[in-house]
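S.K.: Let me begin by handing over the structure; questions about it come next.
Numbering (UniProt numbering), first residue to last: 1 to 788.
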């Protein structure tokens with residue numbers, strides 16, 4: 001059927017329900033993008049999603065829905081959801097994270113090295129949709145030009161609803177992205193994250209009489225097209241609907257990104273956080289942030305310090321195997337045992353048993369295995385005290401009991417089965433993700449035991465931005481995807497607001513994921529400026545000079561690849577589950593672990609505009625580490641002993657803009673790619689990380705090497721498990737790959753070739769790496785090192 005025939009069938013269906021002999025029409029078919037174009041007809045091989053909107057009296061709702069379900073071309077019916085709106089310190093936090101004082105404690109700094117290096121978003125245009133933008137504010141004021149291409153800040157203003165911002169929300173958002181107060185105004189400290197960027201704005205807010213609120217776009221295609229036409233390849237959206245489903249608008253966001261690969265939107269996750277979770281709600285991320293391709297943003301706290309909770313927290317790091325080395329974790333001590341207290345320099349074996357829950361007597365083999373070791377145990381089937389007592393009787397040193405289900409927090413408290421019970425062997429709880437990673441580490445070792453060091457008990461106060469805000473909405477999505485993708489400061493963010501006269505400087509503090517999202521949008525403007533040529537990532541040329549531009553997938557990969565794992569706590573007082581998790585996503589955005597600057601001793605390697613053309617196809621890359629006599633390797637290998645802030649190691653992230661999912665489906669991933677990181681062929685050890693639990697849910701995959709071998713080589717494999725929806729013309733699925741590691745690291749196309757054990761040295765066989773679960777542009781391949 002073409003669109004005309006569909007509309008005719010819909011109108012006939014509505015009339016049969018809503019109209020009687022003596023009544024007037026009570027149901028109305030409204031416009032909704034392409035489906036309302038009289039000449040619109042699908043090509044025979046085109047998979048275009050058409051949508052229609054129907055206005056229905058509440059009294060007729062059920063009857064209309066049942067009638068619509070009878071139509072053969074209707075596969076999804078959903079309510080039209082109501083939409084709502086959901087830096088001074090932030091500019092430092094998102095550029096460098098925490099510093100250290102003379103005692104080694106984490107502290108806030110005043111460093112902004114990317115601004116100092118001239119990276120401020122200049123040349124970039126960011127699209128925004130919000131309640132309005134007051135261009136009279138000194139943060140956007142240009143006395144010499146009207147809004148348009150010559151304006152210093154706002155190149156376009158579309159009055160979708162009106163042309164005012166009485167609430168100040170939209171002005172605040174825009175200020176956080178690109179606001180720039182005049183020199184000498186005294187407000188320069190509240191400039192946006194990318195003060196050199198410009199804005200293309202859509203006013204969604206009604207500001208008159210009783211008609212206040214937001215008008216949702218008819219379609220996301222029509223919404224994004226305005227800013228895209230003005231040159232924006234980034235978009236910031238601090239609003240969402242009252243639904244946690246994969247709705248029409250979420251699907252349309254995915255569809256836009258799939259067909260416009262240079263584009264990337266940042267969308268607020270929502271502000272329902274732990275408020276709805278108290279009612280048993282498993283996920284609170286709001287549409288359209290439930291989409292796959294945009295960057296969904298949650299919020300951390302911002303200013304001040306937070307003392308650790310009363311419950312004892314224990315820290316430990318993995319010492320061996322090599323691939324997992326220097327990863328740090330937290331444990332919550334049981335209420336019926338002492339805390340783990342061992343010499344920080346002593347490496348202790350960590351093992352598993354044949355039956356991981358230990359609810360039955362241990363076999364003779366297991367009793368020998370656990371003696372003098374810490375044992376990894378799965379929660380479930382019996383009391384905590386039973387598990388610990390069995391291990392104590394067998395001579396174990398301690399027990400780490402990990403969760404048997406995924407949850408918002410991941411951690412849990414372990415109470416005794418009977419009041420007053422006490423067992424002298426230490427035990428503590430950990431999230432499921434920690435248990436899985438430790439299991440992989442144990443399996444990958446040559447003697448079936450990982451080695452860990454208990455470094456300290458957490459007693460120091462942490463910067464507030466290491467903890468999640470209680471209102472920050474969390475995942476998973478209904479099909480189990482990780483959301484939000486990243487987090488950023490969102491508490492008490494001070495930025496521009498509406499003013500009374502021209503060039504007036506005025507600010508206010510507002511909290512929410514609405515405030516975190518524009519800060520991340522500003523960061524992506526800096527990343528895009530960097531890749532386009534602001535820091536010459538292709539030698540003497542930027543991507544713009546070789547006829548290419550970065551895809552949204554590459555920018556997303558760079559951001560996620562460098563995200564910092566939060567070290568703080570949830571509102572419950574329990575530690576946050578390690579990233580990736582449903583509370584913090586992949587972590588807090590941090591530029592200095594994403595992009596190298598001169599003197600950083602780090603380098604970025606990437607591949608962009610690459611496609612896999614069919615299911616089963618695969619690409620190989622070889623990642624070579626610099627030789628040990630190069631000083632930068634010491635930092636990357638963790639030899640600087642800075643274990644509290646993991647700037648070492650190698651991180652590799654794969655992202656792709658997936659095809660839009662079927663609204664009536666259960667799982668929304670369409671094209672499924674896989675990432676694995678291995679030693680070169682010829683080594684006998686299997687790649688457990690990729691083989692044990694391949695990710696069949698997310699369109700982001702990340703692999704990390706905690707302590708890379710000097711001169712070692714690691715083989716990257718990107719493969720297409722399933723391609724259900726290619727882009728057309730045999731182009732398959734585009735993807736982007738980003739690798740961040742020590743200066744001198746090299747990424748080359750193709751397999752590494754035969755393994756060179758003598759070159760890689762001792763430990764080369766420890767190859768388990770953690771895996772978290774029509775285009776006319778040349779393939780872009782680049783290296784950039786932080787050289788002087």
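Ideal placement from N, C-alpha and C gives every residue a C-beta, glycine not left out. These figures come from a predicted structure and were not determined experimentally.
(1) Of the choices 254, 473, 13 and 96, whose alpha-carbon is the least far from that of residue 273?
(2) For residue 319, count the other beta carbons within 10 Å of its own beta carbon; 16 or more makes it buried, fewer makes it exposed. Which is it?
(3) When the Cα atoms are used, what is the spatial distance from residue 243 to residue 698?
(4) Give a yes or no on contact between the stretch 742 to 754 and the stretch 596 to 607, applying the rule of three or more CB pairs nearer than 8 Å.
(5) Quick check: what's the CA-CA separation for residue 560 versus residue 605?
(6) DSSP state of residue 469, grouped into three classes?
(7) For residue 204, decide whether its Cβ has a neighbour in chain C, counting only Cβ atoms nearer than 7 Å.
(8) Among 144, 152 and 171, whose alpha-carbon lies nearest the alpha-carbon of residue 132?
(9) Exposed or buried, residue 403, counting other C-beta atoms within 10 Å across all chains shown (16 or more means buried)?
(10) Is the Cβ-Cβ distance between residue 176 and residue 159 less than 7 Å?
(11) Which residues does DSSP list as the beta-bridge partners of residue 851?
(12) In the structure shown, what three-state DSSP assignment does residue 229 receive?
(13) Give me the Cβ distance between residue 478 and residue 245, rounded to the nearest whole Å; I'm assuming they're in contact under 8 Å.
(14) Are three or more beta carbon pairs between the stretch 138 to 145 and the stretch 502 to 511 nearer than 8 Å?
(15) For residue 223, which three-state DSSP category applies?
(16) Quick one: what does DSSP say residue 153 is sitting in, helix, strand or coil?
(17) Residue 127 and residue 227: beta carbons closer than 7 Å?
(18) First and last residue of the beta strand (DSSP E) that includes residue 378?
(19) Is it buried or exposed for residue 568, if we count other Cβ within 10 angstroms and need 16 for buried?
(20) Applying the criterion that 16 or more other CB atoms from any shown protein chain within 10 Å of the CB defines a buried residue, is residue 235 buried or exposed?
(21) Mind checking which residues open and close the alpha helix (DSSP H) that includes residue 257?
(22) Less than 7 Å between the beta carbons of residue 330 and residue 348, yes or no?
(23) Going by the beta-carbon positions, is the gap between residue 68 and residue 77 smaller than 7 Å?
(24) Taking the alpha carbon of residue 525 as the reference point, which residue from 173, 18, 233 and 154 has its own alpha carbon closest?
(25) Can we say the stretch 492 to 499 touches the stretch 368 to 386, given the rule of at least three CB pairs closer than 8 Å?
(26) Between residue 615 and the rest of its own chain, which residues show a CB-CB distance below 6 Å, the 5 nearest in sequence each way excluded?
(27) Along the chain, where does the beta strand (DSSP E) containing residue 816 start, and where does it finish?
(28) In or out: residue 229 buried (at least 16 other Cβ within 10 Å) or exposed?
(29) DSSP on residue 528, reduced to helix/strand/coil?
(30) Three Cβ pairs or more, each shorter than 8 Å: is that satisfied between the stretch 344 to 359 and the stretch 413 to 421?
(31) Could you tell me if residue 95 is buried or exposed, where buried requires 16 or more neighbouring beta carbons within 10 angstroms of its beta carbon?
(32) Once the 5 residues before and after residue 156 are set aside, which same chain residues still bring their CB inside 6 Å of it?
(33) By the 10 Å Cβ neighbour count, where 16 or more other Cβ atoms means buried, how is residue 294 classified, buried or exposed?
(34) Just checking my contact of residue 238 with residue 268 at CB under 8 Å: how many whole Å lie between their CB atoms?
(35) Going by DSSP in three states, residue 618 sits in which element: helix, strand or coil?
(36) For the alpha helix (DSSP H) holding residue 172, just list the boundary residues, first then last.
M.R.: Quick answer:
(1) Residue 273 sits at position 273 when you count from the first residue of the chain shown. For residue 273, the nearest C-alpha among the options comes from 473.
(2) Here residue 319 refers to the residue found at position 319 of the chain shown. Around the CB of residue 319, 16 or more other CB atoms lie within 10 Å, so the residue is classed as buried.
(3) Your numbering for residue 243 matches position 243 in the chain shown. Your numbering for residue 698 matches position 698 in the chain shown. Looking at the backbone, the Cα of residue 243 and that of residue 698 are separated by about 20 Å.
(4) yes
(5) Counted from its first residue, the chain shown places residue 560 at position 560. Counted from its first residue, the chain shown places residue 605 at position 605. Each residue's alpha carbon lies about 14 Å from the other.
(6) As a position in the chain shown, residue 469 is number 469, starting the count at 1. In this structure, residue 469 counts as coil in the three-state DSSP scheme.
(7) Structure shown: chain C not included; a single protein chain is present.
(8) Taking the first residue of the chain shown as 1, we reach residue 132 at position 132. If we check each option's Cα against that of residue 132, 171 comes out closest.
(9) For the purposes of this step, residue 403 is taken as residue 403 along the chain shown, with counting starting at 1. Label assigned to residue 403: buried.
(10) Taking the chain shown and counting its residues from 1, one reaches residue 176 at position 176. Taking the chain shown and counting its residues from 1, one reaches residue 159 at position 159. Not a contact, by the Cβ cut-off of 7 Å.
(11) Residue 851 cannot be examined here, being either before or after the span of the chain that is shown, 1 to 788.
(12) Taking the chain shown and counting its residues from 1, the one referred to as residue 229 is at position 229. Helix, per DSSP.
(13) Walking along the chain shown from the start, residue 478 turns up at place 478. Walking along the chain shown from the start, residue 245 turns up at place 245. With 8 Å as the limit, residue 478 and residue 245 qualify as a contact, their Cβ atoms being about 6 Å apart.
(14) yes
(15) Here residue 223 corresponds to residue number 223 of the chain shown, with the count starting at 1. Reduced to three states, the DSSP call for residue 223 is helix.
(16) Position 153 of the chain shown, counting from 1, holds the residue named residue 153. The answer is coil: DSSP assigns residue 153 none of H, G, I, E or B.
(17) As a working mapping, residue 127 is identified with position 127 in the chain shown. As a working mapping, residue 227 is identified with position 227 in the chain shown. Going by C-beta atoms, residue 127 is nearer than 7 Å to residue 227.
(18) Counted from its first residue, the chain shown places residue 378 at position 378. 374 to 378 is the span of the beta strand (DSSP E), which, as asked, contains residue 378.
(19) On the chain shown, position 568 is the one that residue 568 refers to. Per the 10 Å Cβ criterion, buried.
(20) As a working note, residue 235 is residue 235 in the chain shown. With 16 or more other Cβ atoms within 10 Å, it is buried.
(21) Numbered from 1 along the chain shown, position 257 holds the residue referred to as residue 257. From DSSP, the alpha helix (DSSP H) with residue 257 extends over 248 to 259.
(22) Position 330 of the chain shown, counted from the first residue, corresponds to residue 330. Position 348 of the chain shown, counted from the first residue, corresponds to residue 348. Contact: no.
(23) Locating residue 68 in the chain shown gives position 68, where the first residue counts as 1. Locating residue 77 in the chain shown gives position 77, where the first residue counts as 1. Yes.
(24) The count along the chain shown starts at 1 and reaches residue 525 at position 525. Of the candidates 173, 18, 233 and 154, the one whose C-alpha sits nearest the C-alpha of residue 525 is 233.
(25) Too few Cβ pairs lie closer than 8 Å, so no.
(26) Taking the chain shown and counting its residues from 1, the one referred to as residue 615 is at position 615. Hits under 6 Å: 720, 722 and 723.
(27) Absent from the structure is residue 816, since the part of the chain shown begins at 1 and ends at 788.
(28) For the purposes of this step, residue 229 is taken as the residue at position 229 of the chain shown. Exposed: under 16 other Cβ atoms inside 10 Å.
(29) As a position in the chain shown, residue 528 is number 528, starting the count at 1. If DSSP states are grouped into helix, strand and coil, residue 528 belongs with the helices.
(30) Taking 8 Å as the limit for Cβ pairs, the verdict is that the stretch 413 to 421 does not touch the stretch 344 to 359.
(31) As a first step, residue 95 is located in the chain shown; it is residue number 95 there, counting from the start. Label assigned to residue 95: buried.
(32) What you label residue 156 is simply residue 156 of the chain shown in a count that begins at 1. Closer than 6 Å at Cβ, skipping near neighbours: 200 and 230.
(33) Here residue 294 refers to the residue found at position 294 when the chain shown is read from its first residue. Result: buried.
(34) Your numbering for residue 238 matches position 238 in the chain shown. Your numbering for residue 268 matches position 268 in the chain shown. So it is a contact: roughly 5 Å between Cβ atoms.
(35) In the chain shown, residue 618 corresponds to position 618, counting from 1. Strand at residue 618.
(36) Numbered from its first residue, the chain shown carries residue 172 at position 172. Where residue 172 is concerned, the enclosing alpha helix (DSSP H) starts and stops at 169 to 178.
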